[in-house]
Amino acid sequence: MKDTNILIVGVGGQGTLLASVLLGKLAMEQGYDVKLSEVHGMAQRGGSVVTHVRMSEGTVTAPVISEGDADIIVAFEMLEAYRWVSYLKPEGKMYVNTQQINPMPVIMGAAEYPADIREYLEKNVGEVTFMDALAIAEELGNVKAVNTVLLGALAKELPFTKEMWLDAIASTVKPRFVELNKAAFERGYTYR
Numbered sequence: 205m206k207d208t209n210i211l212i213v214g215v216g217g218q219g220t221l222l223a224s225v226l227l228g229k230l231a232m233e234q235g236y237d238v239k240l241s242e243v244h245g246m247a248q249r250g251g252s253v254v255t256h257v258r259m260s261e262g263t264v265t266a267p268v269i270s271e272g273d274a275d276i277i278v279a280f281e282m283l284e285a286y287r288w289v290s291y292l293k294p295e296g297k298m299y300v301n302t303q304q305i306n307p308m309p310v311i312m313g314a315a316e317y318p319a320d321i322r323e324y325l326e327k328n329v330g331e332v333t334f335m336d337a338l339a340i341a342e343e344l345g346n347v348k349a350v351n352t353v354l355l356g357a358l359a360k361e362l363p364f365t366k367e368m369w370l371d372a373i374a375s376t377v378k379p380r381f382v383e384l385n386k387a388a389f390e391r392g393y394t395y396r
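Under the numbering used here, think of the first position of the sequence shown as 205, with each following residue one higher.
Laid out in structure tokens, this is it:
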């Protein structure tokens with residue numbers, strides 16, 4: 205695997221950090237050098253959460269992805285996809301959950317949620333996959349499974365087998381949520 209930079213973006217409480225830990229753990233178990241860097245913006249109050257995941261067969265020297273250097277962005281929420289799109293390489297790919305979570309300025313009436321995010325991303329991103337990961341997670345019985353739905357969609361971009369992913373889920377999430385997360389991963393993996 206060449207050097208790979210993945211930006212995972214979302215809102216506090218969506219499971220972005222667990223997703224990045226699971227991905228990092230899987231990559232390290234397969235012998236890759238991995239660096240993670242997390243940025244929390246009032247995450248407990250629904251603020252932006254961003255994790256930089258850098259992995260390589262060689263050595264990763266810095267944990268933070270520079271603007272324009274992300275190979276893949278996994279966005280757990282539409283506005284976060286829009287906010288971070290400048291970090292994507294021109295040939296990069298995005299996986300975007302179509303969920304919309306109003307930030308505080310929108311809740312307070314000081315701003316409006318942008319109406320044209322999908323159109324903007326379709327026009328400005330080489331390859332973007334939109335999915336209603338929230339609806340899939342709800343069908344499975346737990347909205348917190350959004351993260352593993354999105355990891356399932358991402359999985360085909362990386363050189364790890366489905367079994368490796370499922371083993372990483374089993375060894376990372378709490379035992380009572382393993383089957384739910386495996387099912388969510390499968391739904392994301394077969395999405396299209």
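Quick reminder that beta carbons are idealized off the backbone N, C-alpha and C, glycines included. Note that this is a predicted model, so its numbers are computed, not measured.
Report all residues from its chain with a CB closer than 6 angstroms to the CB of Lys-386; omit the five preceding and five following residues, and keep chain order.
The residue you call residue 386 lines up with position 182 of the sequence shown. Cβ neighbours of Lys-386 beyond the five flanking positions: Leu-370, Ile-373.
Quick check: the Cα distance between Ala-223 and Val-382, rounded to an integer number of angstroms?
Here residue 223 refers to the residue found at position 19 of the sequence shown. Here residue 382 refers to the residue found at position 178 of the sequence shown. Those two C-alpha atoms are separated by around 14 angstroms.
Mind reading off the beta-carbon distance from Val-253 to Leu-221? Whole number of angstroms is fine, and I expect it under 8 angstroms.
Within the sequence shown, the letter at position 49 stands for residue 253. Within the sequence shown, the letter at position 17 stands for residue 221. 7 angstroms between Cβ atoms; contact.
Where does the unbroken beta strand (DSSP E) through Arg-258 begin, and where does it stop?
If you number the sequence shown from 1, residue 258 lands on position 54. That run of the beta strand (DSSP E) goes 252–260.
Residues of its chain near Glu-390, where Cβ-Cβ distance is below 7 angstroms and the 5 sequence neighbours each way are ignored:
The sequence position of residue 390 within the sequence shown is 186, counting from 1. Closer than 7 angstroms at Cβ, skipping near neighbours: Gly-356.
Please specify which runs of the alpha helix (DSSP H), each continuous and at least 4 residues long, are wholly inside the region 298–344, giving them in chain order.
308–311, 321–328, 337–344
Is Phe-364 near the ligand ADP, in the sense that its beta carbon is under 6 angstroms from a heavy atom of that ligand?
Within the structure as shown, the ligand ADP is missing, as the structure has no ligands at all.
Drop a sphere of 10 angstroms on the beta-carbon of Ile-212, count the other beta-carbons inside from all chains shown, and report buried for 16 or more, exposed for fewer.
Taking the first residue of the sequence shown as 1, we reach residue 212 at position 8. It is buried - the Cβ of Ile-212 has at least 16 other Cβ atoms within 10 Å.
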